[in-house]
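Participant: Below are the structure tokens for one structure; questions will follow.
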Amino acid sequence: MALKVDIEKKFKGFCLRVAFEAENETLALLGASGCGKSMTLRCIAGIERPDRGRILLDGVTLFDSEKRINLPPQQRRVGLMFQHYALFPQMTVGKNVACGAQRSLRGKEKERAAEEAMRALGILELKDRLPSQLSGGQQQRAALARILVSDPKILMLDEPFSALDSHLRFRMEQETRQVIRRFGKTVLLVSHDRDEVYRMADKVAILREGQVERIGPRDEVFSDPGTRAGCVLTGCKNVSSIRRIDASHALALDWGVTLTLPLRPDTDALGIRMHAVRPGEGENTFRCRVAEVIENPFSFTVMLRPLTAPENAVPIGWEMEKPVWKQLRAEEITVHLPVDGILQLKG
């Protein structure tokens, strides 16, 4: 199912202005809280009305400000799962799921459709329980069953794992990926968790202050996020503004080192992921003092301050497996930043 969105909605001090397309793939909207991710889903679902623009789904116009088309939510065939699932607390799981069944179904047909959806998600034995008697993961499966029984054209998941603990999140991610594969249509996933996005999405759109800063295949966006905000959102901890010296040299102002690389005309910041720092001689070599060593469960993060940098320079983080640091451990160490590991950024 092809989804095309090009909308604008103004709020006091904020303007949502997004445009993107997705077809039979999982598109993740990745951004910080308050950037407009959830509002975008609500506009597509028909819960909120954009000020202008168009939303098309499988060739059907859901919204068009110029043509004054604004289909009500029940006519859009859009499945939206909210962060907190929105199950009816006084209804059993079976009745909650049956509420989502298509209006054309009656009586036993509706009951059979609900049971089939619950069976597919492994919660049929819970059909007589109330939502308050379910775990977080079971509530999520009930919410998904209620959506899927309506036979939506697209599925939209708004921070689907935010209410779950880390162990349950991982398991529910696995189950949700299976649901997405069986669904086989367009899925929109809202998240601020880069790891979750990387594991779930085919394509990523980075949102910042209501606008799409970067969109593309997942691996392309992570390897070249393009902007400072995108770099941070995709997990890069080392980012520095630059002062351009010439087309091949720049002073990284935050780190206090001069780097050699072919600069793009619009580059005004550089980033390097902590795992991309390399020990020893190579491209962009400098000697560092170890400012701090942080022990993680399965790795060390070593904070490095170049010897030539001023005392107020921001340390460069370098993450490595524990055996590697135990071999290299020293108060001073030589490292280099490979050109192919340096991210060139705007903004």
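For the sequence shown, the working numbering begins at 2 and goes up steadily by one. Don't be surprised by glycine CBs; every beta carbon is placed ideally from N, CA and C.
#1: Using DSSP with H/G/I as helix, E/B as strand and the rest coil, what is G342?
#2: Got a sec? Which residues, its chain only, sit under 6 Å from I292 by beta carbon, not counting five neighbours each side?
#3: For S300, collect the residues of the same chain with a Cβ closer than 7 Å to its Cβ; drop the 5 residues on either side in sequence, then sort them by chain order.
#4: Using the Cα positions of K238 and Q84, report the straight-line distance between them to the nearest angstrom.
#5: Quick check: L252 and Q345, are their CB atoms within less than 8 Å of each other?
#6: Tell me whether the beta-carbon of P132 lies closer than 8 Å to the beta-carbon of L72.
#7: Pop quiz: L208 and G37 are said to be a contact at Cβ under 8 Å. What is the actual Cβ separation, rounded to whole angstroms?
#8: Mapping DSSP to helix, strand and coil, what is F184?
#9: So for V222, helix, strand or coil by DSSP?
#10: What is the rounded straight-line gap between the Cα of R69 and the Cα of R53?
#11: Taking the continuous alpha helix (DSSP H) assigned at G236, which residues delimit it?
#12: Classify G348 as buried or exposed, calling it buried when 16 or more other Cβ atoms lie within 10 Å of its own Cβ.
#13: According to DSSP, is D159 part of a helix, a strand, or is it coil?
#14: Helix, strand or coil for W326 per DSSP?
#15: Suppose you measure from the CA of G137 to the CA of V240; what does that come to, to the nearest Å?
#16: Tell me E24's beta-bridge partners as DSSP assigns them.
#17: List the whole-angstrom C-beta distance separating D159 from M82, where the pair is believed to meet the contact cut-off of C-beta under 8 Å.
#18: Between the segment 145–159 and the segment 186–206, do three or more beta carbon pairs fall short of 8 Å?
Facilitator: Looking at the coordinates:
#1: As a first step, residue 342 must be located in the sequence shown, where it is residue number 341. Reduced to three states, the DSSP call for G342 is helix.
#2: Mapped onto the sequence shown, residue 292 falls at position 291. Looking at the sequence shown, residue 292 is not Ile but Ala. These residues qualify, in order along the chain: M304, R306, P316.
#3: Within the sequence shown, numbered from 1, the residue matching residue 300 stands at position 299. Closer than 7 Å at the Cβ level, and outside the excluded window around S300, lie E320, M321, E322, K323.
#4: The count along the sequence shown starts at 1 and reaches residue 238 at position 237. The count along the sequence shown starts at 1 and reaches residue 84 at position 83. Rounded to the nearest angstrom, the two C-alpha atoms are 28 Å apart.
#5: Here residue 252 refers to the residue found at position 251 of the sequence shown. Here residue 345 refers to the residue found at position 344 of the sequence shown. For L252 and Q345, no; Cβs fall outside 8 Å.
#6: The residue you call residue 132 lines up with position 131 of the sequence shown. The residue you call residue 72 lines up with position 71 of the sequence shown. Going by C-beta atoms, P132 is not nearer than 8 Å to L72.
#7: To locate residue 208, count along the sequence shown from 1; it is residue 207. To locate residue 37, count along the sequence shown from 1; it is residue 36. About 6 Å separates the two Cβ atoms, so the contact holds.
#8: Against the sequence shown, residue 184 aligns to sequence position 183. Three-state DSSP puts F184 in a helix.
#9: Numbered from 1 along the sequence shown, position 221 holds the residue referred to as residue 222. Correct three-state label for V222: helix.
#10: The residue you call residue 69 lines up with position 68 of the sequence shown. The residue you call residue 53 lines up with position 52 of the sequence shown. The straight-line gap from Cα to Cα measures roughly 10 Å.
#11: Within the sequence shown, the letter at position 235 stands for residue 236. Taken as a continuous stretch (DSSP letters only), G236 belongs to no alpha helix (DSSP H), as it is neither H nor E.
#12: The residue labelled residue 348 in the question sits at position 347 within the sequence shown. Flag for G348 reads exposed.
#13: Sequence index remark: in the sequence shown, residue 159 carries index 158 (1-based). Note: D159 maps to strand in three-state DSSP.
#14: As a position in the sequence shown, residue 326 is number 325, starting the count at 1. In this structure, W326 counts as helix in the three-state DSSP scheme.
#15: Position 136 of the sequence shown, counted from the first residue, corresponds to residue 137. Position 239 of the sequence shown, counted from the first residue, corresponds to residue 240. Cα to Cα, G137 sits roughly 37 Å from V240.
#16: Taking the first residue of the sequence shown as 1, we reach residue 24 at position 23. BP columns for E24 point to A3.
#17: Stepping through the sequence shown from its first residue, residue 159 is reached at position 158. Stepping through the sequence shown from its first residue, residue 82 is reached at position 81. Their Cβ separation, rounded to whole angstroms, is 7 Å, which keeps D159 and M82 in contact under 8 Å.
#18: yes
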